[in-house]
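In our numbering, the protein residues as written are -3 to 302.
Note that the Cβ used here is the ideal one computed from N, Cα and C, for glycine as well.
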């Protein structure tokens, strides 16, 4: 049966942990003659309906380093962008390619592509999930803390696709996650409900005064994202006002554990969601995190593509 990666919930706990360990192994093997090339003779489409820097580069390089051919497809340059249905595109991709990475606007489009494909579909980003980024984040945490279960993670800012994927990671791995968000910007209700029904994980959402400090206090990991994502530019004034007291600065990082690390999926806006003293300071692991997109996604491709 074809395996897809639509959200982190497409993996079991053991599969997720194994992927993280494999990503670390592949990182150590990069450039070595013994690096595996399981995609030799295979092609992977990288379908972009939204602009991309890290997703595009990391998947293109990753497919190449695994021995495959990456084919980047911008929706404006193919028939999908001119009215061909997702269903017809999926059937066509399945005849040419061995997998497709899909970076798109809505999760519903990811589900439709996967439902009509006989090859693995990887969610490269959508409005409610960003699971490939979470693989890199978890790898970065494992490398720095030496463990994933039992940690405390603070999410600060918008209850967006990254927040939703952190919630799913918590429900799979059993760590504590505290989210500080402004009222009206809570994570997806269905994602929270699924986490509550999980036997693992401790997820709390804070919206009141002092929520940011409370979330960060005694945390092992502090992470955030931009206040205005792609497609939300018309809400910039409203969002900037709502998130005014949600910047992660040095005072707040000092509330976390002594060896805490800071993560950000990038791009970052210094002076808004994070102070320069944090993202450019000793807490920051954002460049390791960005690099780990490459290694974690190589592990994912190796796992998914038969």
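My understanding is that residue i touches residue j, with C-beta atoms under 8 Å, so please give their C-beta distance in whole angstroms.
i	j	result
residue 66	residue 95	Residue 66 to residue 95, Cβ: 10 Å. No contact.
residue 246	residue 274	6 Å
residue 269	residue 209	About 16 Å separates the two Cβ atoms, so there is no contact after all.
residue 292	residue 19	4 Å
residue 168	residue 4	6 Å
residue 370	residue 85	Lying before the first or after the last residue shown, residue 370 is absent from the chain, which here runs from -3 to 302.
residue -2	residue 114	6 Å
With distance defined between alpha-carbon atoms, name the residue in the options nearest to residue i.
i	options	result
residue 190	143, 60, 212 and 162	162
residue 307	60, 40 and 39	It is not possible to answer for residue 307, since the shown part of the chain is limited to -3 through 302.
residue 159	144, 200 and 143	200
residue 151	135, 28 and 259	259
residue 197	164, 177 and 204	164
residue 290	24, 178 and 93	24
residue 97	81, 42, 49 and 47	42
residue 305	90, 225, 22 and 244	As displayed, the chain neither begins before -3 nor continues past 302, which places residue 305 out of reach and without an answer.
residue 89	111, 101 and 102	111
residue 248	263, 271, 261 and 234	271
residue 153	103, 193 and 211	211
residue 0	109, 28, 79 and 63	109
Check whether the Cβ atoms of residue i and residue j lie closer than 8 Å to each other.
i	j	result
residue 45	residue 99	yes
residue 149	residue 171	yes
residue 177	residue 136	no
residue 93	residue 40	yes
residue 156	residue 225	yes
residue 101	residue 227	yes
residue 106	residue 2	yes
Quick check: the region 209 to 216 against the region 136 to 150, are there 3 or more CB pairs under 8 Å?
Judged by Cβ distances under 8 Å, the region 209 to 216 makes contact with the region 136 to 150, as three or more pairs qualify.
Check whether the region 288 to 302 touches the region 17 to 36, taking contact to mean three or more Cβ pairs, one atom from each stretch, closer than 8 Å.
yes
With a cut-off of 8 Å, do at least 3 Cβ pairs link the region 167 to 182 to the region 243 to 256?
no
What are the uninterrupted segments assigned as beta strand (DSSP E) that are 3 or more residues long and contained completely in the region 191 to 239, given in chain order?
198 to 202 and 217 to 220
Please specify which runs of the alpha helix (DSSP H), each continuous and at least 4 residues long, are wholly inside the region 252 to 297, giving them in chain order.
272 to 275
Quick test of the definition: if touching needs 3 or more C-beta pairs under 8 Å, does the region 123 to 130 touch the region 14 to 28?
Judged by Cβ distances under 8 Å, the region 123 to 130 makes no contact with the region 14 to 28, as fewer than three pairs qualify.
Note down, one range per segment and in chain order, each beta strand (DSSP E) of at least 3 residues found wholly within the region 46 to 75.
Correct list: 65 to 70.
Inside the region 73 to 139 only - alpha helix (DSSP H) runs reaching at least 4 residues:
Those alpha helix (DSSP H) runs which fall completely within the region 73 to 139 and span 4+ residues are 82 to 92 and 103 to 111.
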